[in-house]
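This report concerns only the one structure given below.
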Amino acid sequence: METVNKYLPKLGLLRLKDLIKAIRACKTAADERAVIARESAVIRTAFKEEQVETRHINVAKLLYIHMLGYPAHFGQIECLKLVASPKFTDKRLGYLGIMLLLDEKVEVLTLVTNCLKNDMNSSNIYVVGLALCTLGDISSAEMARDLSGEIERLLGSTNAYVRKKAALCALRILRKVPDLLEHFVDRAMGLVNERNHGVLLTGITLLTEMTQLSTDVLEKMRTIVPTLIRHLENLLTYGFSPEHDVGSITDPFLQVGILRLLRVLGHQHPATAEAMTNVLTQVATVTDSSKNVGSAIMYETVLTILETPSESSLRVMAINNLGKFLSNRDNNIRYVALTTLTRTQSAMQSGMSGAGESASSDASELQRYRGTIIECLHDLDISIRRRALDLSFFLITPANIRLLTRELLSFLEVCEPETKPGVANRICEVAGNFRPNARWELDTIMRILRVAGQYVDQAVVNHLVKLVSAAAPALQQYASRKLFYAVQSDQPRIFAQEGLVLAMMWCVGEWGDLVTGPNVGPGIAGDDDDDEDATTGPNGANAPSEEAVLALFEACLSQPRASLHVCDYATVALAKLASRFSADSSSFPTCSRLIRLHAASTNTALQQRVAEMSHLLRLDRTMLADLLEPLPALDASLREEQIK
17 METVNKYLPK LGLLRLKDLI KAIRACKTAA DERAVIARES AVIRTAFKEE QVETRHINVA
77 KLLYIHMLGY PAHFGQIECL KLVASPKFTD KRLGYLGIML LLDEKVEVLT LVTNCLKNDM
137 NSSNIYVVGL ALCTLGDISS AEMARDLSGE IERLLGSTNA YVRKKAALCA LRILRKVPDL
197 LEHFVDRAMG LVNERNHGVL LTGITLLTEM TQLSTDVLEK MRTIVPTLIR HLENLLTYGF
257 SPEHDVGSIT DPFLQVGILR LLRVLGHQHP ATAEAMTNVL TQVATVTDSS KNVGSAIMYE
317 TVLTILETPS ESSLRVMAIN NLGKFLSNRD NNIRYVALTT LTRTQSAMQS GMSGAGESAS
377 SDASELQRYR GTIIECLHDL DISIRRRALD LSFFLITPAN IRLLTRELLS FLEVCEPETK
437 PGVANRICEV AGNFRPNARW ELDTIMRILR VAGQYVDQAV VNHLVKLVSA AAPALQQYAS
497 RKLFYAVQSD QPRIFAQEGL VLAMMWCVGE WGDLVTGPNV GPGIAGDDDD DEDATTGPNG
557 ANAPSEEAVL ALFEACLSQP RASLHVCDYA TVALAKLASR FSADSSSFPT CSRLIRLHAA
617 STNTALQQRV AEMSHLLRLD RTMLADLLEP LPALDASLRE EQIK
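Okay, structure coming up:
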């Protein structure tokens, strides 16, 4: 009779397999929700009735329901009851449920601590493994403190399976409670002498985490560098082992782990870096990077070389390997190569690299792959283009500034709108740092405004104005005329290039007499091949007439899309032109008329500016010229020009 009562609750019970079939048979989401709701109600009833024999079946179904995204929190306590069961199958399902249904913030989790401690002392290594796996997955800070002693003890277990799990669990504990670091240092360092690859890998991962938590521990762990080097050499000379072979390479995961730890230990430590030289050379030479597995190891090797004070020849070899990555068809490999090279060059320029005197050799070696990097600017993958863009700016030197700037300007024409402001600012920066002459820098910034005037920041316009204001009169004449012709030739798209229009209005307003007057001084040395505007010669020849200048201003102001910024600039520029153009021409009344176009503007600031300029034009011409004379160059601009 007892046997019958034992199996009676299972009669008519829907098994997990049957539930999966029922859900898959649903044709609509509503049908699925109905099945889930009905089965959830049955499971709740079974939990309330304390049906022990069917508990594991109901919990299994509940976990499946949870994986589908439906509520299953009411099964948390049942999972704890399964964990307390002496059966291994119940424990396994209970721990799985705890890891799925609970997290470290749930108060119920504190009830698991005692079960975990008991299972860690079990004679069954697989029960111990379940407890360690659960603690390593959802441990809170309180649980970590309570069970850290058990984990420390299990790190010295005689069973490799338990030591491996304990090392991973210790990793979780240190991330939650870094103060417990000292308790695990000696045990963790002992794992380096393991022969089992799984234990060795987890031990190295644990040691890597420890080095990032304490500099004192980092110094202490440099004593294990010879052991790590020996392990890496053994892996390189290891014969074929089906258990560890991946793509004809012995345990690449362990090799990568060792290389990462060596990179941390050798950072800014010449003695350690010197000890690693031979093995790093061996890894870089022996590893076949034609497959993804080999590429991963080669990538870690290159990072280790570049982030430690390695020998110059070794760094050159690392750069060459990254250069080979750039020619790979796999975009992932090209991406990591571009990212690594960019990070390395950035570190060298900021003085943070451990390369020392080899920094210049790294930069010169990188120039060999300039063509490949430029090709990446036109790649279909946007992430490749952006990484190549970052690296391209590090390639620029006074010797190649013309070539690379031309390529970057071509990229600026076709790149995404959200990228244009940043690219424009960076081109302006390098143009100022490496310019061959003043005219070339002005030509470059003006071309930026023509290509991306709609997207550039106001800082670019301000920078151009600052350069022109600090220049000689001949260069001021050249820049003002070129800006005038650039806007005049692009009138259909005039308001797609607001930055160009603003720069033109400022320069023409300040130096209107130079724009329409005769050439000043000799021709200006520059780069005629970079000049796209055929209407301008050495000094911006073919001076426009006053009527042409005012006609262009009228075209800008009469557009319904004219922004307040443009109208504001134009109002002041027209007042200045009225004082600069000849007194016996019709320019003065035309300037006055154009200024009054916005006298009734709804913007009070613009309306006020129009009233101010209109009042100034009623003054005596001599007084007007004195009030509106060209602004002097800023002292900072003059100092910058002297430095350049």
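For what it's worth, my numbering labels the leading residue of the sequence shown as 17, then goes sequentially.
Even glycine gets a Cβ: it sits at the ideal position worked out from N, Cα and C.
The three-state reading of DSSP puts Asp-261 in strand, counting E and B together. The residue among Arg-402, Thr-587, Arg-509 with its C-alpha nearest the C-alpha of Glu-434 is Arg-402. Residue state for Thr-218 is assigned as helix, using DSSP reduced to three classes. The alpha-carbon of Thr-266 is positioned some 26 Å away from that of Gly-145. Listed in chain order, the non-local C-beta contacts of Ala-571 below 8 Å within the same chain comprise Gln-507, Ile-510, local neighbours out to five positions each way being set aside. In the three-state scheme derived from DSSP, where H, G and I count as helix and E and B as strand, Thr-266 is classed as strand.
Contact check for Gly-282 against Pro-242 fails: the beta carbons are separated by 9 Å or more. For His-285, the secondary structure class from DSSP, reduced to helix, strand or coil, is coil.
For the pair Ala-649 and Ser-496, the CB atoms are not nearer than the 9 Å cut-off. Excluding five sequence positions before and after His-285, none of the CB atoms of its chain fall closer than 6 Å to its own CB.
Within the same chain, Glu-562 come within 8 Å of Ser-601 by CB-CB distance, once the 5 residues on both sides are set aside. Here DSSP, grouped into helix, strand and coil, assigns Ile-412 to coil.
Contact annotation: Ser-380 and Lys-340 have beta-carbon atoms that are not nearer than 9 Å.
Lys-103 carries a coil assignment under DSSP once its states are collapsed to helix, strand and coil. Approximately 17 Å separates the beta-carbon atoms of Leu-234 and Leu-187; this is outside 8 Å, ruling out the contact. Selection Val-318, Phe-269, Glu-65, Leu-127 evaluated against Thr-293 yields Val-318 as nearest (Cα-Cα). Exclusion of the five residues before and after Asp-119 leaves Ile-154 as the residues of its chain whose Cβ lies within less than 7 Å of its Cβ. Lys-121 and Ser-156 have their C-alpha atoms spaced approximately 8 Å apart. Of the candidates Glu-249, Tyr-86, Glu-316, Glu-316 places its Cα closest to the Cα of Val-280. In this structure, the straight-line span from the alpha carbon of Glu-445 to that of Gly-438 is close to 11 Å. The beta carbon of Glu-48 lies closer than 7 Å to those of Ile-39, Cys-42 in the same chain, with the five residues before and after it left out.
Around the beta carbon of Pro-194, fewer than 16 other beta carbons lie within 10 angstroms, which makes this residue exposed.
By the Cβ neighbour-count rule, Thr-606 is buried, with 16 or more other Cβ atoms within 10 Å of its own. For the 9 Å CB-CB criterion, Thr-358 and Leu-407 form a contact. About 19 Å separates the beta carbons of Val-472 and Phe-500, which is beyond the 8 Å limit, so they are not a contact pair.
In the three-state reduction of the DSSP assignment, Gly-85 falls in the coil class. With a 10 Å radius around the Cβ and a threshold of 16 neighbouring Cβ atoms, Glu-123 comes out exposed.
For Asn-336, there are no CB contacts under 6 Å within the same chain when 5 residues up- and downstream are skipped. Taking each of Ser-399, Asn-137, Cys-149 in turn and checking the Cα distance to Ile-114, the smallest one comes out for Cys-149. One alpha carbon belongs to Ala-454, the other to Arg-625, and they sit about 34 Å apart. If the five residues before and after Asn-209 are omitted, its C-beta is found closer than 8 Å to the C-beta atoms of Thr-243, all from its own chain and listed in chain order. Non-local beta-carbon contacts of Thr-587 in its own chain, meaning distances under 8 Å to residues more than five positions away in sequence, involve Ile-611, His-614, Leu-622, Arg-625, Val-626, Met-629 in chain order. DSSP, reduced to helix, strand and coil, places Trp-522 within a helical segment of the structure shown. Here the alpha carbon of Val-58 sits roughly 48 Å from the alpha carbon of Leu-216.
When DSSP states are grouped into helix, strand and coil, Thr-174 belongs to the coil group. Under a 10 Å Cβ-count criterion, Tyr-585 is classified as buried, with 16 or more other Cβ atoms of the shown protein chains found around its own Cβ.
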